[in-house]
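Just so we're aligned, residue 1 is where the sequence shown starts under the UniProt record's numbering, counting upward by one.
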Amino acid sequence: MGPQMPVTSAAMEHQTSPERILMSPLLPQVIICDLRPAGPRHRDADGRTVRDGFALDLTSFCVMAKIYYDSDADLSLLKDKTIVFLGFGNQGAAQAQNLRDSGIPNEKIIVANRDDHYAADAKSKGFNVEHDYSKAAEVADVVFLLIPDQVQPRVFNEHFSSRLKDSATIVVASGYNVFYELLQFKPSQDVVMVAPRMIGSSVRSLYVKGKGFPCFVSVEQNGTGNGMPITLALSRAIGATKTGAIASSVREETAMDLFAEQALWPNIIMLFREAYSVLKEAGCSDEALVYEMWMSKEPAEIFEAAAEEGFIQQLKHHSSVSQFGQLSGALKLDGSNIRAHFKEILYNQVLNGKFQKEFSKIEEDLEKEGDANPLNQLYTKSEESELGQGEKRVRARLGLS
Ligand code: NAI
Numbered sequence: 001m002g003p004q005m006p007v008t009s010a011a012m013e014h015q016t017s018p019e020r021i022l023m024s025p026l027l028p029q030v031i032i033c034d035l036r037p038a039g040p041r042h043r044d045a046d047g048r049t050v051r052d053g054f055a056l057d058l059t060s061f062c063v064m065a066k067i068y069y070d071s072d073a074d075l076s077l078l079k080d081k082t083i084v085f086l087g088f089g090n091q092g093a094a095q096a097q098n099l100r101d102s103g104i105p106n107e108k109i110i111v112a113n114r115d116d117h118y119a120a121d122a123k124s125k126g127f128n129v130e131h132d133y134s135k136a137a138e139v140a141d142v143v144f145l146l147i148p149d150q151v152q153p154r155v156f157n158e159h160f161s162s163r164l165k166d167s168a169t170i171v172v173a174s175g176y177n178v179f180y181e182l183l184q185f186k187p188s189q190d191v192v193m194v195a196p197r198m199i200g201s202s203v204r205s206l207y208v209k210g211k212g213f214p215c216f217v218s219v220e221q222n223g224t225g226n227g228m229p230i231t232l233a234l235s236r237a238i239g240a241t242k243t244g245a246i247a248s249s250v251r252e253e254t255a256m257d258l259f260a261e262q263a264l265w266p267n268i269i270m271l272f273r274e275a276y277s278v279l280k281e282a283g284c285s286d287e288a289l290v291y292e293m294w295m296s297k298e299p300a301e302i303f304e305a306a307a308e309e310g311f312i313q314q315l316k317h318h319s320s321v322s323q324f325g326q327l328s329g330a331l332k333l334d335g336s337n338i339r340a341h342f343k344e345i346l347y348n349q350v351l352n353g354k355f356q357k358e359f360s361k362i363e364e365d366l367e368k369e370g371d372a373n374p375l376n377q378l379y380t381k382s383e384e385s386e387l388g389q390g391e392k393r394v395r396a397r398l399g400l401s
């Protein structure tokens, strides 16, 4: 275990409740082990109960997450259970088919879906489709929530919450709604996460090839006392324990997911945008830039090699000039500003719920057409950049738009 630290960088600088950092299961296997007694509880400026005290230096020790395999899971626990898939999109279609191919009888599987092309797809694949959510809720022993995250609270709280059995298992594939407490459960129910780290089509194609896929699992509420065995059985049925399902938590999953979306990738987009403008100003053509920077698929190949051979070791495929430039250049860069920016996003935008509150205000607008949809406005603005305009010209010239 690492040294104990006063609450400094991780909590105070970022105005996040020390208690929240300490008590939340971001690192469920180790978090409690190294705490000094906490100070008295008091209310912070937002009226939350907090406790001064000591936090772990989370960077100072290595966390080993438990990994579960097929041999840890007992499919017979699902015998006689009625399993409802709320949603038959990317994940729903893949997971429902995998589960059926794992031996769960078709008559015990229900796809609960509004009457749209996803429902038609489920019917065409032989599933029993129920358009009346209430009927599906009443018979479900297990319900997989596989409709878009922003839609889940509305549909689940209105149609499922009060009708589900006291002993039902509710499965989420992303931590968001459970971490931000947007779904209503009974204390007697199991609330679990089985979150594939793969797009749905790969969840299906890897299963069909007899391969597994990375997945995070956790039990967030163990109402029946049998939460983990059921979670592992469900994970195995969808093919997630074949290569190992990693013990996680909705907090960890949400933190990493939203951090990548709100800190890492925005910076990568910004770096590409600025690099494009600098090279354009230096006289490079749009055609050369677009191919050099991404259309050749070189970045995709680099990430592929990083996954296969290692993030740093894949560099050995590049020329000596390239290796020297990349390694020495990265070491020369001072990451302290970006680290501070990253921490700001993680603590004061993601973990404190600020983003979720702001996003919830625009959620319904995401279903609007044209400029009334805030996402469309962001696309329009982003495409005004030199990179956006240059790419448009190149794609039009190549007949790709
Ligand atoms: P999706 O966007 O493919 O969902 C489509 C399904 O939701 C369809 O069945 C559709 O009928 C239903 N639906 C859409 N809008 C609706 C509405 N307003 N009311 C009722 N039903 C509606 O969803 P996806 O991408 O499969 O995501 C499901 C869950 O899986 C989410 O929690 C997501 O975070 C998680 N996840 C998704 C991954 C992916 O590959 N897209 C990867 C890992 C997790």
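Positions of the beta carbon are idealized from the N, C-alpha and C atoms, including for glycine.
- Message: Please classify S71 as buried or exposed, where buried requires at least 16 neighbouring CB atoms within 10 angstroms.
- Response: Counting C-beta atoms within 10 angstroms of its own C-beta, S71 has fewer than 16 neighbours from the protein chains shown and is therefore classed as exposed.
- Task: Going by CA-CA distance only, name the one from Y276, A93, Q184, Y347 that's closest to S162.
- Result: Q184
- Between the C-alpha atoms of T49 and V194, what's the straight-line distance to the nearest angstrom? Low confidence applies here, because T49 scores a pLDDT of 42, under 50, leaving its location unreliable and the question unanswered by this model.
- Do you know whose CA, among K211, E253, E308, I312, lies nearest K242's CA? Nearest C-alpha to K242: K211.
- Message: If contacts are defined as beta-carbon pairs under 8 Å, then L375 and F272 qualify, I think. What distance do you get, rounded to the angstrom?
- Response: Their Cβ separation, rounded to whole angstroms, is 20 Å, which puts L375 and F272 out of contact at 8 Å.
- Using beta-carbon positions only, say whether E158 and V84 come within less than 9 Å of one another. The beta carbons of E158 and V84 sit no closer together than 9 Å.
- So L75 packs on G103, CB below 8 Å; how close in whole Å? For L75 against G103, the beta-carbon gap comes to about 7 Å, under 8 Å, which counts as contact.
- With a threshold of 16 other CB atoms inside 10 Å of the CB of Y276, please say whether the residue is buried or exposed. buried
- Answer yes or no: do V208 and A247 have a C-beta to C-beta separation smaller than 9 Å? no
- Item | Y347 Cβ short of 8 Å to the ligand NAI heavy atom set | False, no ligand heavy atom lies under 8 Å from that Cβ.
- Task: Decide yes or no for the touch test of the segment 250-265 against the segment 344-359: beta carbon pairs closer than 8 Å, at least 3 of them.
- Result: yes
- How do the segment 189-204 and the segment 88-99 stand: do at least 3 beta-carbon pairs fall below 8 Å, yes or no? yes
- Alpha carbon to alpha carbon, how far is D101 from P3? Give it in angstroms, no decimals. Note that P3 scores 35 on pLDDT, short of 50, meaning its location in the model is unreliable; the coordinates nonetheless yield the value given after this. Those two C-alpha atoms are separated by around 49 Å.
- Task: Would you list the one or two residues that DSSP bridges to Y68?
- Result: A245
- With distances taken between CB atoms, is the gap from E138 to K108 smaller than 9 Å? no
- Item | Assigned secondary structure, F88 (DSSP; H/G/I helix, E/B strand, else coil) | coil
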